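Asks: I have a structure I would like to understand better, so I am pasting it below and will then ask my questions one at a time.
Numbering (this note's numbering), first residue to last: 6 to 488.
Take a look at the structure:
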């Protein structure tokens, strides 16, 4: 089948010769490197070197009304995730079949179940969330909601500044007003600091749980440095789960102790992929952290609330009416939900599977995995569904309506040794995905803090299915608001 795709006009038309364009791109790359729009290379890793993170030369057009809609409902989505995370029956019901079919989700759920039965040493949870959207038929539709390691809040803050700079540099300073203000790093870090204050021990540290080899180090360090800028008295330490195997323990009052330091807040920038847990010892450390009285970002229940299966369960008719009481809130959230379909063994699922196999371009097949690069598209959907149609494995996946956002032209600037290196100056067709950041802190009874704190635009070539920035395919971007 052929999908009709609309187009948006680019924010400006660059009237430059090839040589002038190359000079502008060189300057843009240097600006990006000097301001931290960068990461370590996955191709030739060196701890002492970084390279340009893929970014768009110009900001990309995005309809103002859709942008404002996404920003406006973030606090409602924060509240929804909080309610889901504290509804034991809903989590069990939503994840039951997935636990049987997916060992990773089962491990996470076992930790949750253990803590739930023992009783939570720390009832407060901190969520640094990000809800992602695509435009589809002039509406925004939610792609997913991330509850763990919602990245790029630091880098996109700088990217907003870059796009204002570049518009001025190419003679369009009058257009800067169409780039909305954006400072998610400040809002996200204020959430971490608020949790640190609630822990009420000025000597306690904030622990960043990171990968053993960290590529996206600049974004993580932006968070660390912003916290220090706001409150220089807060000490931050970085450890991998592997490090914590030998360094972490519980104190007599369930304090999380790393070395000789008490931890107030645990901020997971790792732990969402199977690869983070190569042995049982890493799982034991995750359980130890959850048993502690440190405030977790996310707590195990927030982590589970962000799974694809829970997202799919929320799309069932009348589910929101049980979790949320306000009719207007329910309506606003339902408007952004996409078609999400369970693959459990029932008649409805069989119909959806038949539809997806006959017209796979209408769907995306999604597993219970974070981090990008795991979804299945086009004819591969048929192959996957045929393979697992009669297997329990299928219940760990969901089908989702596929979106076809409007296409526009932009330049994607890439670093050396990344994919499409020879293509880095082409004025190419791209599509964008908007993310909105939220911060929430609360317990079973109360929400103490609930804010929308900024946004990100990620852009990829229109012929690419996946748009991972760290993988070198997608690019970090800023919205240029249009009527």
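The beta-carbon is built from N, C-alpha and C at its ideal position, and this holds for glycine as well.
Since the structure is predicted, the reported quantities are computational estimates derived from the model, not experimental observations.
Any idea what DSSP makes of residue 293, helix, strand or coil?
Replies: In the structure shown, residue 293 sits in a helix (DSSP, three-state: H, G or I).
Asks: Look at residue 417 and residue 435 and say whether their C-beta atoms are less than 8 Å apart.
Replies: In contact: residue 417 and residue 435 (Cβ atoms closer than 8 Å).
Asks: Starting from residue 16, trace the alpha helix (DSSP H) both ways and give me its first and last residue.
Replies: First-last for residue 16: undefined, no H or E at that position.
Asks: Where does the unbroken beta strand (DSSP E) through residue 141 begin, and where does it stop?
Replies: Per DSSP, residue 141 belongs to the beta strand (DSSP E) from 130 to 141.
Asks: Spatial neighbours of residue 387 within its chain, please: CB distance less than 8 Å, with the 5 preceding and 5 following residues excluded, ordered by chain position.
Replies: So the qualifying residues of the chain are 361, 362, 365.
Asks: Output the boundary residues of the alpha helix (DSSP H) element that contains residue 248.
Replies: 246 to 252 is the extent of the alpha helix (DSSP H) around residue 248.
Asks: Given a cut-off of 8 Å, decide if residue 488 and residue 65 are closer than it, judged by their beta-carbon atoms.
Replies: No, they are not a contact pair.
Asks: Looking at the secondary structure, which residues open and close the beta strand (DSSP E) in which residue 151 lies?
Replies: Residue 151 -> beta strand (DSSP E) spans 144 to 151.
Asks: Contact defined as beta carbons within less than 8 Å: I believe residue 103 pairs with residue 373. What is the distance between those atoms, to the nearest angstrom?
Replies: Contact flag correct, Cβ pair sits at about 6 Å.
Asks: Could you tell me which whole alpha helix (DSSP H) segments of length 4 or greater appear in the region 226 to 285?
Replies: Taking only runs of at least 4 residues, the alpha helix (DSSP H) segments lying wholly in the region 226 to 285 are 246 to 252.
Asks: Note down, in chain order, each residue of its chain lying with its Cβ closer than 8 Å to the Cβ of residue 442, except the 5 sequence neighbours on either side.
Replies: Closer than 8 Å at the Cβ level, and outside the excluded window around residue 442, lie 79, 133, 134, 135, 155, 158, 189, 192, 193, 457, 458, 459, 460, 461.
Asks: Per DSSP, residue 460 is paired with what?
Replies: Paired residues: 441.
Asks: Please give me, in chain order, every unbroken run of the alpha helix (DSSP H) with length at least 4 that falls completely inside the region 333 to 394.
Replies: 352 to 363, 384 to 393, all fully within the region 333 to 394.
Asks: With distance defined between alpha-carbon atoms, name the residue in 332, 391, 406 nearest to residue 347.
Replies: Taking only the C-alpha atoms, the option nearest residue 347 is 406.
Asks: Mapping DSSP to helix, strand and coil, what is residue 396?
Replies: If DSSP states are grouped into helix, strand and coil, residue 396 belongs with coil.
Asks: Per DSSP, which one or two residues make a beta bridge with residue 310?
Replies: The partner list for residue 310 (beta bridge, DSSP) is empty, contrary to what the question assumes.
Asks: Hey, how far is the Cα of residue 464 from the Cα of residue 482?
Replies: Approximately 6 Å, taken between the alpha carbons.
Asks: Can you list, in chain order, the residues of its chain with a C-beta nearer than 7 Å to that of residue 424? Leave out the 5 residues immediately preceding and following it.
Replies: In this prediction, residue 424 scores a pLDDT of 45, lower than 50, which makes its location untrustworthy; no coordinate-derived value is stated.
Asks: Whose CA, out of 486, 452, 277, 128, lies closest to the CA of residue 87?
Replies: Out of 486, 452, 277, 128, 452 has the C-alpha closest to the C-alpha of residue 87.
Asks: Look at the Cβ atom of residue 220, then the Cβ atom of residue 40, and state whether they are nearer than 8 Å.
Replies: Not closer than 8 Å, so no.
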